[in-house]
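Undergrad: Mind looking over this structure? Questions follow.
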Amino acid sequence: MILLLRLFIVQDMAAHSACDFGGGKAEKLALAKYRQVIWQGRVLNSQFTDEELRNQGRCPLTPEEIGLLLAALGFGNSTRLYLASHKVYGGEARISTLRELFPLMEDKKSLASAEERAQIKGKASLLAAVDYYVSMRSDIFISASPGNMHNAMVGHRTFENLKTIRPNMALLGQIFLNKSLGWLDFQRAVLEGHKNRQGQIRFRQPKQSLYTYPAPDCMCHG
651 MILLLRLFIV
661 QDMAAHSACD
671 FGGGKAEKLA
681 LAKYRQVIWQ
691 GRVLNSQFTD
701 EELRNQGRCP
711 LTPEEIGLLL
721 AALGFGNSTR
731 LYLASHKVYG
741 GEARISTLRE
751 LFPLMEDKKS
761 LASAEERAQI
771 KGKASLLAAV
781 DYYVSMRSDI
791 FISASPGNMH
801 NAMVGHRTFE
811 NLKTIRPNMA
821 LLGQIFLNKS
831 LGWLDFQRAV
841 LEGHKNRQGQ
851 IRFRQPKQSL
861 YTYPAPDCMC
871 HG
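At position 108 of the sequence shown the residue is numbered 758 (my numbering), and the sequence of numbers has no breaks.
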């Protein structure tokens, strides 16, 4: 089984989310500076605490958290992961725990030859196209955080009736904050909270994105 993991925790997203990612004082100072320069204080002046943001499901999942989510959903260390991502915030230090849980992890660098990588190096659209191509041919797609590519991929895969897991960000934010929760209770909560988030058709409600929810507008009528 190939599981396509969209792990897009880059500096822009980490900074824009206003969340704390557990990197200590140095990380907080670096993110505060980036938020001030790039986002002109709009994120820095958020009226919500980190705990409130996580309870609302407004923080992207870290690689460690996505690893625990996948394990709780029943994926074992024989599952092949394809990591579709730009440079992950925190680098290998952030990825190492996920790699320990899922050692069969691939990305563009590990799958493509040096010659192939040279042809797309620095070309953002082509790099994204490779991820999109692999995403559409993976058994399962899961994203650590919403975004434009996530929305397009969820919509496309739903239309093609391909399995896509939508993380329950609010639920996960709450249970990750509960440091006293044991593994069995954690797994039970994750499974219960994702019963209806594993590829089922969800009809679009008013003002929702057509790309994320293509039904019923893009359904074929015979």
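Backbone N, C-alpha and C fix where the C-beta goes; we use that ideal spot for every residue, glycine too.
Taking just the CA atoms, how far does THR862 sit from ALA802?
TA: For the purposes of this step, residue 802 is identified with residue 152 of the sequence shown, where counting begins at 1. For the purposes of this step, residue 862 is identified with residue 212 of the sequence shown, where counting begins at 1. Roughly 6 Å between the two C-alpha positions.
Undergrad: Quick check on GLU714: buried or exposed, where buried means 16 or more other Cβ atoms within 10 Å of its Cβ?
TA: By one-based count along the sequence shown, residue 714 stands at place 64. Under this definition GLU714 is a buried residue.
Undergrad: Sort ALA721, GLY717 and SER760 by Cα distance to THR747 and report the nearest one.
TA: In the sequence shown, the residue the question calls residue 747 occupies position 97. Ranking ALA721, GLY717 and SER760 by Cα distance to THR747 puts GLY717 first.
Undergrad: Per DSSP, GLN848 forms a beta bridge with which residues?
TA: The sequence position of residue 848 within the sequence shown is 198, counting from 1. DSSP output for GLN848 lists ILE815 as bridge partner(s).
Undergrad: What would DSSP say about ILE659, mapped onto helix, strand or coil?
TA: Here residue 659 refers to the residue found at position 9 of the sequence shown. At ILE659 the pLDDT is 43, less than 50, meaning the model places this residue with poor confidence and gives no usable figure here.
Undergrad: Rounded to a whole number of angstroms, what is the C-alpha to C-alpha distance between GLU842 and ALA774?
TA: The sequence position of residue 842 within the sequence shown is 192, counting from 1. The sequence position of residue 774 within the sequence shown is 124, counting from 1. Roughly 38 Å between the two C-alpha positions.
Undergrad: Hey, LEU754 and SER728 are a contact pair by Cβ (cut 8 Å); roughly how many whole angstroms apart?
TA: Against the sequence shown, residue 754 aligns to sequence position 104. Against the sequence shown, residue 728 aligns to sequence position 78. That pair is a contact at about 7 Å.
Undergrad: Report buried or exposed for TYR732, applying the criterion of at least 16 other Cβ atoms within 10 angstroms of its Cβ.
TA: Residue numbering aside, residue 732 sits at position 82 when the sequence shown is read from its first letter. It is buried - the Cβ of TYR732 has at least 16 other Cβ atoms within 10 Å.
Undergrad: Three-state secondary structure (DSSP) at ALA676?
TA: If you number the sequence shown from 1, residue 676 lands on position 26. In this structure, ALA676 counts as helix in the three-state DSSP scheme.
Undergrad: For MET819 versus GLY707, is the C-beta spacing smaller than 8 Å?
TA: Your numbering for residue 819 matches position 169 in the sequence shown. Your numbering for residue 707 matches position 57 in the sequence shown. For MET819 and GLY707, yes; Cβs fall inside 8 Å.
Undergrad: Straight-line CA distance for SER859 to GLY805?
TA: The sequence position of residue 859 within the sequence shown is 209, counting from 1. The sequence position of residue 805 within the sequence shown is 155, counting from 1. Approximately 9 Å between the Cα atoms of the pair.
Undergrad: Please confirm if ALA762 has its CB atom under 8 Å from at least one CB of chain D.
TA: Looking for chain D here will not work: only one protein chain is present.
Undergrad: Which residues mark the beginning and the end of the alpha helix (DSSP H) in which PHE809 is found?
TA: As a first step, residue 809 must be located in the sequence shown, where it is residue number 159. Taken as a continuous stretch (DSSP letters only), the alpha helix (DSSP H) holding PHE809 covers 798-809.
Undergrad: Terminal residues of the continuous alpha helix (DSSP H) containing SER763?
TA: In the sequence shown, residue 763 corresponds to position 113, counting from 1. Per DSSP, SER763 belongs to no alpha helix (DSSP H) and is neither H nor E.
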